[in-house]
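A.B. asks: So the mapping is simple: the working numbering equals the position in the sequence shown, first residue as 1, plus 47.
Don't be surprised by glycine CBs; every beta carbon is placed ideally from N, CA and C.
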Amino acid sequence: NFGAAAKVGNRFGVSIGAAYQTGEEYSVMTDNGVSKGTFKPNEMIVNAGVGFLIMENLSAGANVRFASQKLSEDNSYSAIAADAFLTYRLEDLNITAGVSNIGSSVKSEAGDSFKLPSSATIGADWKLALSEAHGIRLSSDTDYFFSGNVTVAVGAEYSFKNMLFARAGYHFGTENAVLPSFATIGLGAKIFGISLDIAYLTANDILGNTLTFGLGYQF
Numbered sequence: 048n049f050g051a052a053a054k055v056g057n058r059f060g061v062s063i064g065a066a067y068q069t070g071e072e073y074s075v076m077t078d079n080g081v082s083k084g085t086f087k088p089n090e091m092i093v094n095a096g097v098g099f100l101i102m103e104n105l106s107a108g109a110n111v112r113f114a115s116q117k118l119s120e121d122n123s124y125s126a127i128a129a130d131a132f133l134t135y136r137l138e139d140l141n142i143t144a145g146v147s148n149i150g151s152s153v154k155s156e157a158g159d160s161f162k163l164p165s166s167a168t169i170g171a172d173w174k175l176a177l178s179e180a181h182g183i184r185l186s187s188d189t190d191y192f193f194s195g196n197v198t199v200a201v202g203a204e205y206s207f208k209n210m211l212f213a214r215a216g217y218h219f220g221t222e223n224a225v226l227p228s229f230a231t232i233g234l235g236a237k238i239f240g241i242s243l244d245i246a247y248l249t250a251n252d253i254l255g256n257t258l259t260f261g262l263g264y265q266f
């Protein structure tokens, strides 16, 4: 993963990001059982965003991204989607509402297509400075998918001198939600604008025992 953000003037901000992930390599066989070699599935996301300060405590943001996934030599998908949000700040509390994954249908090389899991989202984020060196952050968000499913996520973060971080969270998804229920724990570090984050997803039939890494730069 890679991400970067920058402030432009007093009211604008821009960001870019990219993520690339590969799966476990597997053997490819013909219908007659003859080996054709191996294939490693992969997925990629590239995004760009912009934010605007409308007034002192109210801001708006939008993000556009391109996503592609290749599951086999002849089975790949791609889509373009956008998010739009409003955020209101009340001292140390941020309240956000908006829509996610609004865009084109997911299309395959074979011509098949299906709708993106678009949703309406509301969330809150609260920061508390315990002392000059220690702080905590609590966050929660709820997504109502237009397909009728619901997901709820809660998380907590402890920070030391805004350089070292310990995190934990839980994500709940209804039976047919895009993401199932799972828990996460993670660590992070930030120095000279460069951040490194590691997260582990606890046991789950779909996402169990997954380890993710994130790298970002802010200037």
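I'd like to know whether the C-beta atoms of N110 and G96 end up nearer to each other than 7 Å.
C.D. replies: yes
A.B. asks: What does the alpha-carbon distance come out to for the pair S160 and L177?
C.D. replies: Spanning the two alpha carbons is a distance of roughly 50 Å.
A.B. asks: With respect to the beta strand (DSSP E) encompassing S242, which residues constitute its N-terminal and C-terminal limits?
C.D. replies: 241-248
A.B. asks: Kindly list the residues whose CB is nearer than 6 Å to the CB of G263, restricted to its own chain and excluding five residues on each side of it in sequence; keep chain order.
C.D. replies: G50, S242
A.B. asks: Quick one: what's M102 bridged to in DSSP?
C.D. replies: L105
A.B. asks: Span of the beta strand (DSSP E) holding L185?
C.D. replies: 181-192
A.B. asks: Apply the 10 Å Cβ neighbour rule to L105 and answer buried if 16 or more other Cβ atoms are within range, or exposed otherwise.
C.D. replies: exposed
A.B. asks: With H, G and I counted as helix, E and B as strand and the rest as coil, what does DSSP make of G56?
C.D. replies: If DSSP states are grouped into helix, strand and coil, G56 belongs with coil.
A.B. asks: Can you give me the Cβ contacts of I238 inside the same chain, cut-off strictly under 8 Å, excluding the 5 residues immediately before and after it?
C.D. replies: M210
A.B. asks: Is it buried or exposed, K1, if we count other Cβ atoms within 10 angstroms and call 16 or more buried?
C.D. replies: The requested residue 1 does not occur in the structure, where the chain is confined to residues 48 to 266.
A.B. asks: At which residues does the beta strand (DSSP E) containing S228 begin and terminate?
C.D. replies: First-last for S228: undefined, no H or E at that position.
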